[in-house]
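Numbering (my numbering), first residue to last: 16 to 446. Using N, Cα and C, we set each Cβ at its ideal position, and we do this for glycine too. The structure displayed is predicted, hence computed values, not measured ones. The structure appears below as structure tokens.
Have a look at this one:
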């Protein structure tokens, strides 16, 4: 396979013999999918920054079967805590230990500190080929005075022409009982944010979940929840979320993140709950890196459990499942680089999904976009923006086996270069 790439950016360019998962190619003629890999071979023309059905062109390039994926959608991260592990250390005893370390560092998270780390994170995100990202923000204060929300507002403005960014207000569930909760929701709505909550063992009650849903409906907010992030099979947060969603006929989107405990429940109970998730139209995002690192973690003991939601059973029931980066170089997960290829690789291994990797490709692209409410994202689509990643690989084994697989990131039909990757300079003016 020749390593010589075409002169992108001089329109139009027709690329022959690309390969991509059939589920991620729309409106472009292609051959039947390979029965083993689920990949299709197709041609495409890039013109005016968009994909088009192939036409004869003076400039053509034979991709020789290179694998192409749409721009990644990373729908669950924590930008406000990213790159703090040098300050915090990392947990050696599970989730509770990580929370303690992160909380001890919270006073260090000034607006200036968060802006700098968010900017660094988005540079890495963009370089790896992600086009949209949703971050949870620790919302100790009301958003109007929260350093995390103030920093996110600056970053979102600075990056608005480069990445699609969304924010979720991550709060302890007990805050629904506080007098300022309605005001918090109004401030989240004003920022086009998403209402979040950490629903851990012992914190979920029918009354609290009911208040959460009523507030979301009142303010027109979608929900994105940390729920049952534990291997304790008795955790009931997810079941309460499902019951409440069905009872209220909630019209907004609901994302349930983590859902680790679901994998530990007895099979009949798990299947009944999965059926309820599907009926309620709840999206599930699994986080293989952080949950693989934290769940069933105890000092001096080898973990017995993987901590991954039962993604195969969820998908089989018709639930939209996504995967995402979650924590990057912080107290919860001291590794990572906002590279969704790393997430793909680990999800394949931990979830034993290698039998049908093409079927799971939507979990990093179109499925994640649907959970975020994004249109025209996560697909290689005729008429859509020419945002894609071309890998120096011709199939899944190539892609997942070599950790240094080269890639070319296309944004609006042009290659993303080192000069583009410089950090955005933000001039902060104070009154």
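Cut-off 6 Å between Cβ atoms - residues of its own chain near residue i, not counting five sequence neighbours on either side
i	result
residue 436	Because the pLDDT of residue 436 is 45, which lies under 50, any placement of that residue in the model is unreliable, and the number read from its coordinates should be weighed accordingly. 138 and 142, listed in sequence order.
residue 27	60, 62 and 72
residue 381	393 and 394
residue 105	346 and 349
residue 58	31 and 69
residue 42	396 and 397
residue 362	303 and 338
residue 78	30, 32 and 33
residue 223	188 and 191
residue 161	154
Assumed close pair residue i, residue j - CB separation to whole angstroms, cut-off 8 Å
i	j	result
residue 378	residue 338	5 Å
residue 305	residue 347	5 Å
residue 170	residue 134	6 Å
residue 97	residue 132	5 Å
residue 248	residue 210	Between residue 210 and residue 248 the Cβ distance is about 27 Å, and since that is not below 8 Å, they are no contact.
residue 401	residue 65	5 Å
residue 83	residue 403	5 Å
residue 149	residue 387	6 Å
residue 373	residue 38	7 Å
residue 236	residue 187	Residue 236 to residue 187, Cβ: 17 Å. No contact.
residue 309	residue 81	With 8 Å as the limit, residue 309 and residue 81 do not qualify as a contact, their Cβ atoms being about 36 Å apart.
Per-residue burial, residue i [other beta carbons within 10 Å of its own, 16 or more giving buried]
i	result
residue 189	exposed
residue 281	exposed
residue 427	exposed
residue 446	With a pLDDT of only 33 at residue 446, under 50, the local geometry of the prediction cannot be trusted, and no value is derived from it.
residue 91	buried
residue 129	buried
residue 193	exposed
residue 431	buried
residue 51	exposed
residue 93	buried
residue 125	exposed
residue 421	exposed
residue 367	exposed
residue 207	exposed
residue 287	exposed
residue 159	exposed
residue 355	buried
residue 344	buried
residue 118	exposed
residue 370	exposed
residue 322	buried
residue 122	exposed
Check: residue i C-beta below 7 Å from any heavy atom of the ligand NAP
i	result
residue 261	Ligands are entirely absent from the displayed structure, and the ligand NAP is therefore not among its contents.
Start and end residues, beta strand (DSSP E) containing residue i
i	result
residue 35	28–36
residue 46	Run containing residue 46: none; DSSP gives neither H nor E here.
residue 292	Segment 282–295 is the alpha helix (DSSP H) holding residue 292; no beta strand (DSSP E) there.
residue 211	209–214
residue 51	Run containing residue 51: none; DSSP gives neither H nor E here.
residue 182	179–185
residue 270	269–273
Extent of the continuous alpha helix (DSSP H) run through residue i
i	result
residue 307	303–309
residue 228	221–234
residue 202	196–205
residue 343	Note, residue 343: premise wrong, no alpha helix (DSSP H); not H, not E.
residue 334	Per DSSP, residue 334 belongs to no alpha helix (DSSP H) and is neither H nor E.
Close beta carbons around residue i, own chain, < 8 Å, minus the five adjacent residues each side
i	result
residue 47	55
residue 289	277, 325, 328, 329, 332 and 334
residue 70	27, 29 and 60
residue 228	238, 259, 260, 263 and 265
residue 313	108 and 109
residue 196	190, 226 and 230
residue 441	Residue confidence is low: residue 441 scores 48 on pLDDT, short of 50, so the model does not pin down where it sits. Its coordinate-derived value is still stated next. The answer, listed in chain order, is 130, 134, 169, 170 and 173.
residue 232	263, 265, 266 and 267
residue 389	88, 147 and 179
residue 292	253, 257, 271, 299, 329, 332 and 334
residue 285	277, 278, 325 and 328
Beta-carbon proximity list for residue i, same chain, < 7 Å, skipping 5 on both sides
i	result
residue 242	214, 252, 253, 256, 271, 272, 273 and 274
residue 3	There is no way to answer for residue 3, as the model of the chain reaches only from 16 to 446.
residue 40	55, 57 and 395
is_contact[residue i, chain D] using C-beta, thresh 8 Å
i	result
residue 279	Of the chains in the structure shown, none is chain D; there is only one protein chain.
**OP:** Taking only runs that begin and end inside the segment 364–432, name each unbroken alpha helix (DSSP H) of 4 or more residues, in chain order.
**Re:** 372–375, 381–387 and 411–416
Original post:
Whole alpha helix (DSSP H) runs in the segment 68–136 with 4 or more residues, listed along the chain?
Top reply: 100–103 and 110–120
Original post:
What runs of the beta strand (DSSP E), each 3 residues or longer, lie entirely inside the segment 131–168?
Top reply: 145–153
Subject >> Length-filtered (4 minimum) alpha helix (DSSP H) runs lying within the segment 239–266 >> reply: 252–263
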